[in-house]
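K.L.:
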Amino acid sequence: MNQIIIKNSIQCKHCGDIIESTHLHNYKTCSCGSVSVDGGHCYLRRCFKNSPEDFTELSITRILKKR
Ligand SMILES: [Zn+2]
């Protein structure tokens, strides 16, 4: 199964920033520095300082089924 990424984005629960990685190697960090996204539409990469509870997932993905 292939997953395609339509939107690679999260919202930081601490500062409320919504950050989106729009292309590969487009590394974005929120203004308080707690969470980051990377990978654009190629892969979903999340970095966080404390725990994955620090952000809300806002990404949109679709699964492509092989015939
Ligand atoms: Zn933040």
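To convert, count from 1 in the sequence shown and add 25; that's the numbering used here. Here a beta-carbon is modelled for each residue, glycine too, at the ideal position from N, C-alpha and C. From a predicted model like this one, the values you see are computed outputs, not experimental measurements.
(1) In angstroms, rounded to a whole number, what distance separates the CA positions of G65 and T54?
(2) By how many angstroms is the C-alpha of K32 removed from the C-alpha of M26?
(3) The beta strand (DSSP E) that contains E91, what's its start and end?
(4) Using only Cβ atoms and a threshold of 7 Å, which residues come within that distance of a heavy atom of ligand 1? Order them by chain position.
(5) So what does DSSP say about D42, is it helix, strand or coil?
P.N.:
Inspection of the coordinates gives the following:
(1) 13 Å
(2) 18 Å
(3) Here the sequence assigns Lys to residue 91, which means Glu is not the residue at that position. Looking at the DSSP string, K91 is not in any beta strand (DSSP E), and its letter there is neither H nor E.
(4) C37, H39, C40, D42, C55, S56, C57, G58, S59, V60
(5) coil
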